[in-house]
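*Asks:* Encoded as structure tokens, here's the structure I'll be asking about.
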Amino acid sequence: MGVKEYLIERMTQGAIHMALLDPDKQGAEEAGVIARRMKEAGTDAVMIGGSTGVTSENLGETARSIREASGLPTIHFPGNPAALSEDVDAIFFMSMVNSTMPFWIIEAQASAAERIKGLGVETISLGYIVVEPGMTVGQVGKADTVKHGETSRAVGYALACEMLGMDLVYLEAGSGADRPVPPDMISAVKKAVSIPLIVGGGIRTPEAARAARLAGADAIVTGTFVERCSDDTMLRSVVEASKRG
């Protein structure tokens with residue numbers, strides 16, 4: 031079973047949780063330890079990536095460590111076209127659709143496509159929509175962030191992603207955001223599209239995770255929270271709120 035098929039199958043049973051680990055924030059061994067804790071907490075997959083500092087070397091080392099420690103699927107969440115590895119199980123082949131730079135919309139993807147095909151890594155197409163505050167990813171990607179009151183704009187981007195044939199759409203507030211994507215925006219996008227909806231950024235409590243799930247998120251991503259939280263009970267609570275209640 032491929033990673034996309036695995037994710038879709040899990041989503042048919044309810045919302046899923048994915049952890050996001052940045053190879054530039056901790057060593058590969060520590061990433062493996064975190065992944066093991068997340069597996070025990072009930073997470074479904076581990077995304078690997080970051081806006082800066084990711085190389086092919088630390089990406090591959092981190093993917094191997096996570097796989098050995100947890101057995102969870104690893105999905106590369108790319109921050110630049112230079113850092114690629116055959117050690118991940120899949121890569122989100124993504125376009126930041128509200129970037130003001132063609133590089134992040136299609137040029138980076140075109141520059142990496144031949145190499146990715148040569149690596150033989152499964153690709154999962156993803157429309158990436160950066161919502162305010164956007165944080166580092168919004169700054170690096172020169173995003174024209176969707177404001178919290180611009181629900182119709184978010185819906186338009188999401189529908190365009192679906193009509194372009196993308197597998198998934200992702201509403202991203204940015205790692206470490208002080209406020210997550212608003213539930214009303216999540217709900218409006220979910221009602222408009224038929225492809226799965228991922229939501230991430232600023233989710234660090236069970237209440238925030240539950241709000242995103244109840245609004246319609248098919249997958250909830252937590253990154254900074256996962257990397258910083260040493261309380262396994264809290265980790266489990268956020269994962270459970272993302273998936274159930």
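Numbering (my numbering), first residue to last: 31 to 275.
Each residue gets a CB set at the ideal place from its N, CA and C atoms; glycine is no exception.
Please report the residue range of the alpha helix (DSSP H) in which Leu114 lies.
*Replies:* Premise fails: Leu114 is in no alpha helix (DSSP H) and is neither H nor E.
*Asks:* Where Met68 and Ala112 are concerned, what is the direct C-alpha to C-alpha distance, given to the nearest angstrom?
*Replies:* Each residue's alpha carbon lies about 28 Å from the other.
*Asks:* Compare the C-alpha of Val161 against each of Glu35, Ile38, Val211 and name the closest.
*Replies:* Looking at the Cα atoms, Val211 is the closest of the given residues.
*Asks:* Report the option in Ala218, Leu201, Val223, Arg209 whose CA atom is closest to the CA atom of Ile250.
*Replies:* The candidate whose alpha carbon is nearest that of Ile250 is Leu201.
*Asks:* Does DSSP put Thr175 in a helix, in a strand, or in coil?
*Replies:* Thr175: coil per DSSP, three-state reduction.
*Asks:* Rounded to whole angstroms, what's the CA-CA distance from Ala61 to Glu70? Just pull it up for me.
*Replies:* Distance between the alpha carbons of Ala61 and Glu70 is about 14 Å.
*Asks:* Give the straight-line distance between the Cα atoms of Glu144 and Ala138, rounded to the nearest whole angstrom.
*Replies:* If you take the alpha carbons of Glu144 and Ala138, they lie about 11 Å apart.
*Asks:* Hey, how far is the Cα of Gly231 from the Cα of Ile216?
*Replies:* Their backbone Cα atoms lie some 13 Å apart in a straight line.
*Asks:* So the beta strand (DSSP E) Ser155 belongs to, where does it begin and stop?
*Replies:* 152-160 is the span of the beta strand (DSSP E), which, as asked, contains Ser155.
*Asks:* Less than 7 Å between the beta carbons of Asp54 and Gly32, yes or no?
*Replies:* Not closer than 7 Å, so no.
*Asks:* Going straight from the alpha carbon of Ile225 to that of Leu244, what length do you get?
*Replies:* So the alpha carbons of these two residues sit roughly 17 Å apart.
*Asks:* Which whole-angstrom value describes the C-beta separation of Ile121 and Ile96, a residue pair presumed to lie in contact below a C-beta threshold of 8 Å?
*Replies:* Not a contact, Cβ separation roughly 15 Å.
*Asks:* Tell me, to the nearest whole angstrom, how far the beta carbon of Ala239 is from that of Ser272; I am working on the premise that it is less than 8 Å.
*Replies:* About 4 Å; that satisfies the 8 Å criterion.
*Asks:* On a Cα-Cα basis, can you pick out the residue from Val199, Glu39, Ala49 that is closest to Phe255?
*Replies:* The candidate whose alpha carbon is nearest that of Phe255 is Ala49.
*Asks:* Leaving out five residues on either side along the sequence, give the residues of the same chain with a beta carbon under 8 Å from the beta carbon of Pro163.
*Replies:* Thr175, Ala203, Gly204, Ala207, Asp208, Arg209, listed in sequence order.
*Asks:* Identify, in the order they occur along the chain, each residue of the same chain with its Cβ nearer than 8 Å to the Cβ of Ala304, setting aside the five sequence neighbours on each side.
*Replies:* What the structure shows of the chain is the stretch from 31 to 275, and residue 304 is not part of that stretch, so it cannot be assessed.
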